[in-house]
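Under the working numbering, the first residue of the sequence shown is numbered 56, with each subsequent residue one higher. Idealized CB from N, CA, C, for every residue including glycine. Please read all numbers here as calculations on a predicted model, not as lab measurements. Below is one structure, written out as C-alpha cells, with a few remarks after it.
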Amino acid sequence: MITRTILVVAALYAAIQFCHLAAQSLFSITIPPMAQFGYVMAAAYGGVMSYVNIQRRVPTWKEATVLSAGSILAVWIVSAVFFLVYLNLEEGVHGLQNFLGIFAGLPVWPIVGVLTGVNVLQFITLMFVFRWSARRILVRNHPVNPGDRQK
C-alpha cells in the first residue's frame, strides 16, 4: 500500500507538472518557483486521500516516514525527467551542458545546503500531510457511529 501511495503521489505530481509546463509554454506566463512546493503538497494530499479511503486508517509514524521519504524521492525523479525534457525541447542538445556550465564555478556546499534545507522542509510538511491531514480525511470521510465506539 505504501508503494501504491508513493506512485499515486508521483503520478499526481507528474500531471500537475505537465499542466504547469503546458501553461508556461502555451500562454508564455511565468509561474513562481515556490508554486512547485504547493504542487508537491497537492500531490501528497491526493496520495493520502487514496491511502485513507482504501485503508480506512491513518498511516503510522513509520509508514508516514516512509511515505514522506518515498514521495520526496518520487518528486525528485519526476522533476528530473521533466527538467531534462524541458531542457531538450527549449535549448536543444547542448541545453544540459549549458546548464551544468552555470554550476561549474560554484562551490558545492551552498548548493548541497540549499537542497538539504528544501528537502527537510518538504519532509516536515509531508509528515504533516500524511499524519494530520490523514486524520482529518478519515474523520470527514469515515465518521464513527456513536454505537460503534468502544466504551
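Quiz prompt | Rounded separation between ALA70 and LEU161 - CA only | solution = Looking up residue 70 in the sequence shown gives position 15. Looking up residue 161 in the sequence shown gives position 106. Rounded to whole angstroms, the separation of the alpha carbons of LEU161 and ALA70 is 33 Å.
Exercise. Please name the residue, chosen from THR171, VAL113, LEU155, that lies closest to LEU128 on a Cα-to-Cα basis.
Key: The residue labelled residue 128 in the question sits at position 73 within the sequence shown. When each option's Cα is compared against that of LEU128, the closest is THR171.
Quiz item: Would you report the Cα separation of PRO165 and ALA90, rounded to the nearest angstrom?
Solution: Here residue 165 corresponds to residue number 110 of the sequence shown, with the count starting at 1. Here residue 90 corresponds to residue number 35 of the sequence shown, with the count starting at 1. Distance between the alpha carbons of PRO165 and ALA90: 22 Å.
Quiz item: Would you call ILE61 buried or exposed, if buried means 16 or more other Cβ atoms sit within 10 Å of its Cβ?
Solution: Locating residue 61 in the sequence shown gives position 6, counting from the first residue. It counts as buried.
Self-check item: Contact between the segment 171–181 and the segment 122–142 (3+ Cβ pairs under 8 Å)
Solution: They touch, by the three-pair rule.
Quiz item: ALA77 by DSSP, collapsed to three states: which one?
Solution: The sequence position of residue 77 within the sequence shown is 22, counting from 1. Three-state DSSP puts ALA77 in a helix.
Practice problem: Report the three-state DSSP secondary structure of MET89 (helix, strand or coil). | Solution: Position 34 of the sequence shown, counting from 1, holds the residue named residue 89. In the structure shown, MET89 sits in coil (DSSP, three-state: anything other than H, G, I, E or B).
Self-check item: Collapsed DSSP secondary structure at MET56 in the structure displayed
Solution: Position 1 of the sequence shown holds residue 56. In this structure, MET56 counts as coil in the three-state DSSP scheme.
Quiz item: Which parts of the segment 130–192 are runs of the alpha helix (DSSP H), unbroken and 4 residues or longer, counting only runs that do not cross its ends?
Solution: 150–158, 163–183
Quiz item: Between the beta-carbon of VAL64 and the beta-carbon of GLY102, is there less than 8 Å?
Solution: What you label residue 64 is simply residue 9 of the sequence shown in a count that begins at 1. What you label residue 102 is simply residue 47 of the sequence shown in a count that begins at 1. Yes, the pair counts as a contact, with Cβ atoms nearer than the cut-off.
Quiz item: Skipping 5 residues on each side, what residues in its chain have a beta carbon closer than 7 Å to that of TYR141?
Solution: Stepping through the sequence shown from its first residue, residue 141 is reached at position 86. Here the set comprises LEU76.
Self-check item: Under the three-state DSSP convention, the category THR120 falls into
Solution: The residue given as residue 120 occupies position 65 in the sequence shown. It is helical.
Quiz prompt | Same chain, Cβ closer than 8 Å to ALA124, neighbours up to 5 away in sequence not counted | solution = Against the sequence shown, residue 124 aligns to sequence position 69. PHE178.
Self-check item: Alpha-carbon spacing of LEU193 relative to LYS117, whole angstroms
Solution: In the sequence shown, residue 193 corresponds to position 138, counting from 1. In the sequence shown, residue 117 corresponds to position 62, counting from 1. Between LEU193 and LYS117, the C-alpha separation is close to 18 Å.
Quiz prompt | ILE71 (DSSP reduced to helix, strand or coil) | solution = Position 16 of the sequence shown holds residue 71. It is helical.
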